[in-house]
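All letters in the sequence shown, in the order written, are residues 2 to 474 by my numbering.
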Amino acid sequence: MSDYNLIIDGKAVSTAETFPVLNPATEEVVAQAPLAGEAELNQAVAAARRALPAWSATTDGERSRLMHAIGDALEAHSEELCKLLTLEQGKPMGGFAGLGAGFEMGGTVAWCHATAEMTLDVDVIQDNDVARIEVHRKPVGVVGSITPWNYPLLIAIWHTIPALRSGNTVVIKPSEYTPLTTLRAAQIINDVLPPGVFNIISGDGSLGAAMSSHPDINKIVFTGSTPTGKKIMQSASCNLKRLTLELGGNDAAIVLADTDVAAVAPAIFATALINNGQTCAALKRLYVHEDIYEDMCQALAGIAASVTTGDGSGEVDFGPVQNKAQYDKVCAMAEEAKDRGARFLCGGEPMEGPGYFFPVTIVADIDDDARLVCEEPFGPILPVLKFSDVEDALQRANASSCGLGGSVWSSDVAAATALASRLECGTAWVNNHAMIQPDAPFGGVKESGIGVEFGRYGLEEYTNIQTLQISKS
Ligand code: NAD
């Protein structure tokens, strides 16, 4: 018997089978989640399809009001949702620099309200004696959302609120590692919306694959790994589904010689370690000019020495790595770096269990072709690389199949901006990294994804264009 239910057509639905959800800090079972199969997927898609005509016909003002109401309803349950986030995801409530569960909750509420205020106006491109030509934005239909385990609630909101705002109905599948917060949030959201507009099913990757190839889903919005994104793209061809894919990143940062190390080290540390490094657009490769290389290494190691890692239910800066597979990956990358003779400034050894704990680890003097540099570690471990020539640093930063974010740090903002614009990535920051906001588009180039989220540009991705030509002659 599951402790949670699917929600299909506004009703709680239980399943014959369930799957356990673990607390990554204790490896104990937190709850059983409902395991949906093809039958539940078909029911959810059918409910979303039935609800579509009425929902897409609601006025823009009414949908805006309801998105605000969802933000208010989720905020009213903040404490409960944050506790669930810590239990299943592992992140502490406050955490380092206040970037824990409370931060995710705050972002969730802020994105609801900001998206509620966005509109897609009709674009009149001609209005003369011959014709009036209008460009309208129409909902794509039923949107399938597939989310990962790093920000379960925030990413669910990033996917579904713009979809609903622009008149689509939704079927969401959270990660099998972290389904509980989303299942609970779906109940709260269903208290606000008409039945069938927001449906939730939980299960593993095979359920996501069935969504991607479902003939009655019109769009998939997915955040997760690049290999899974590629599989979704293949399956989506069955009915030419629209896609927004927000995939892996291996963001580089270039720190120029004139940078004030003491002033920027805390921000570099925070944006690399945000969410224990389990953030798609975290700073993951740090290239530092040789003149300040040792100072930067020592400054980062000094901050690392002052932070705590432990069970997120206590007063700690960082929690565990979210799951065993990811933990094993981080451990293997650290081992490979050691075998290559890299210099560990702190950390490097897994902490005693139970729980998937790995300490904050800063690694210097590491080769460009080490796994820790070439692959996305998605954990609390940062490689620091040395450069002497800026063009060489740029070439190394861009030598990646990923292209999510990147940054340049310097006292000379004009020089840093010029260099940042040459980074091959969807967002380039100057003297910052990983900063996002609801009105600025965010997405990846190269193998980091397709399309953008947030703001007007993100909202447009949930629509098809209809050109209306009214002849006057
Ligand atoms: P994943 O891509 O395997 O899983 C993400 C979601 O996709 C989950 O809901 C999963 O059930 C679903 N899924 C799995 N296989 C699927 C398929 N064939 N078709 C459709 N959906 C499918 O990612 P993960 O296992 O959670 O993490 C693996 C790697 O992904 C990490 O090591 C990390 O590098 C990366 N990652 C990136 C982000 C990001 O925000 N960019 C987030 C989480 C993980």
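Cβ coordinates follow ideal geometry from the N, Cα and C atoms, glycine included. This structure is a prediction, so every number in the text was calculated from the model and none was measured.
So, with DSSP's three-state summary, where would you put residue i?
{"i": "W150", "result": "coil"}
{"i": "N277", "result": "helix"}
{"i": "L347", "result": "Position check: residue 347 holds Cys in this sequence, whereas Leu was assumed. Reduced to three states, the DSSP call for C347 is strand."}
{"i": "L248", "result": "coil"}
{"i": "T471", "result": "Inspection of the sequence shows that residue 471 is occupied by Ile rather than by Thr. If DSSP states are grouped into helix, strand and coil, I471 belongs with the strands."}
{"i": "S176", "result": "coil"}
{"i": "N191", "result": "helix"}
{"i": "Y145", "result": "With the sequence shown as reference, residue 145 is identified as Gly, and Tyr is not the correct amino acid for it. In this structure, G145 counts as strand in the three-state DSSP scheme."}
{"i": "E377", "result": "coil"}
{"i": "A157", "result": "helix"}
{"i": "E1", "result": "A question about residue 1 goes unanswered here, because the residues of the chain that appear run from 2 up to 474."}
{"i": "R423", "result": "coil"}
{"i": "G450", "result": "strand"}
{"i": "N240", "result": "helix"}
{"i": "T116", "result": "helix"}
{"i": "S65", "result": "helix"}
{"i": "D124", "result": "strand"}
{"i": "Q438", "result": "coil"}
{"i": "L405", "result": "coil"}
{"i": "K339", "result": "helix"}
{"i": "A13", "result": "strand"}
{"i": "L7", "result": "strand"}
{"i": "P358", "result": "Here residue 358 turns out to be Phe, not Pro, going by the sequence shown. F358 falls in the coil class under three-state DSSP."}
{"i": "Y463", "result": "coil"}
Suppose you measure from the CA of residue i to the CA of residue j; what does that come to, to the nearest Å?
{"i": "Q323", "j": "F104", "result": "17 Å"}
{"i": "V289", "j": "N24", "result": "37 Å"}
{"i": "R51", "j": "R166", "result": "18 Å"}
{"i": "I71", "j": "L194", "result": "8 Å"}
{"i": "F319", "j": "A271", "result": "11 Å"}
{"i": "D61", "j": "C403", "result": "37 Å"}
{"i": "G476", "j": "V409", "result": "Absent from the structure is residue 476, since the part of the chain shown begins at 2 and ends at 474."}
{"i": "D73", "j": "A254", "result": "37 Å"}
{"i": "F358", "j": "Q90", "result": "13 Å"}
{"i": "V123", "j": "S65", "result": "17 Å"}
{"i": "G474", "j": "I126", "result": "Contrary to the premise, residue 474 reads as Ser rather than Gly in this sequence. Their Cα atoms are separated by approximately 17 Å."}
{"i": "I190", "j": "L75", "result": "8 Å"}
{"i": "A283", "j": "L469", "result": "43 Å"}
{"i": "E392", "j": "R243", "result": "38 Å"}
{"i": "A398", "j": "V385", "result": "12 Å"}
{"i": "D329", "j": "G380", "result": "10 Å"}
{"i": "E291", "j": "L274", "result": "23 Å"}
{"i": "G95", "j": "E316", "result": "8 Å"}
{"i": "V222", "j": "T245", "result": "5 Å"}
{"i": "S79", "j": "H69", "result": "15 Å"}
{"i": "G225", "j": "A415", "result": "34 Å"}
{"i": "M212", "j": "Q235", "result": "12 Å"}
{"i": "V22", "j": "T179", "result": "7 Å"}
{"i": "Y458", "j": "S314", "result": "38 Å"}
{"i": "G209", "j": "A435", "result": "27 Å"}
{"i": "T321", "j": "L121", "result": "In the sequence as displayed, the identity of residue 321 is Pro instead of Thr. Going from the Cα of P321 to the Cα of L121 covers about 41 Å."}
{"i": "K232", "j": "S214", "result": "10 Å"}
{"i": "E28", "j": "P355", "result": "6 Å"}
{"i": "L67", "j": "S15", "result": "27 Å"}
{"i": "L383", "j": "V198", "result": "42 Å"}
Let me confirm a value: residue i is counted as buried when at least 16 other C-beta atoms fall within 10 Å, else exposed. Which label applies?
{"i": "E177", "result": "buried"}
{"i": "V30", "result": "exposed"}
{"i": "P439", "result": "buried"}
{"i": "S238", "result": "exposed"}
{"i": "K325", "result": "exposed"}
{"i": "Q327", "result": "buried"}
{"i": "S472", "result": "exposed"}
{"i": "A77", "result": "exposed"}
{"i": "N129", "result": "exposed"}
{"i": "A13", "result": "exposed"}
{"i": "A302", "result": "buried"}
{"i": "E41", "result": "buried"}
{"i": "S422", "result": "exposed"}
{"i": "P228", "result": "exposed"}
{"i": "N1", "result": "Past the boundaries of the shown model lies residue 1; the chain is included only from 2 to 474, so the question cannot be answered."}
{"i": "M352", "result": "exposed"}
{"i": "K285", "result": "buried"}
{"i": "G99", "result": "exposed"}
CB of residue i to nearest heavy atom of the ligand ATP: below 7 Å?
{"i": "Q327", "result": "With respect to the ligand ATP, the structure shown offers nothing to examine, as its ligands consist of the ligand NAD."}
Open item on the list: Taking 8 Å as the cut-off, does the segment 461-470 touch the segment 130-145 (at least 3 CB pairs, one atom from each stretch)?
Closed with: The segment 130-145 vs the segment 461-470: in contact.
TODO: Evaluate contact between the segment 121-135 and the segment 421-433, counting only Cβ atoms and requiring at least three cross-stretch pairs below 8 Å.
DONE: no
Open item on the list: Does the structure place the segment 245-254 close enough to the segment 171-188 that three or more beta carbon pairs sit under 8 Å?
Closed with: No, they do not touch.
Open item on the list: Under 8 Å: do the segment 107-127 and the segment 369-376 share three or more Cβ pairs, one atom per stretch?
Closed with: no
Open item on the list: Check whether the segment 27-43 and the segment 5-14 are in contact - that is, three or more C-beta pairs closer than 8 Å.
Closed with: yes
Open item on the list: For the pair the segment 283-302 and the segment 360-375, tell me if three or more CB-CB distances fall below 8 Å.
Closed with: yes
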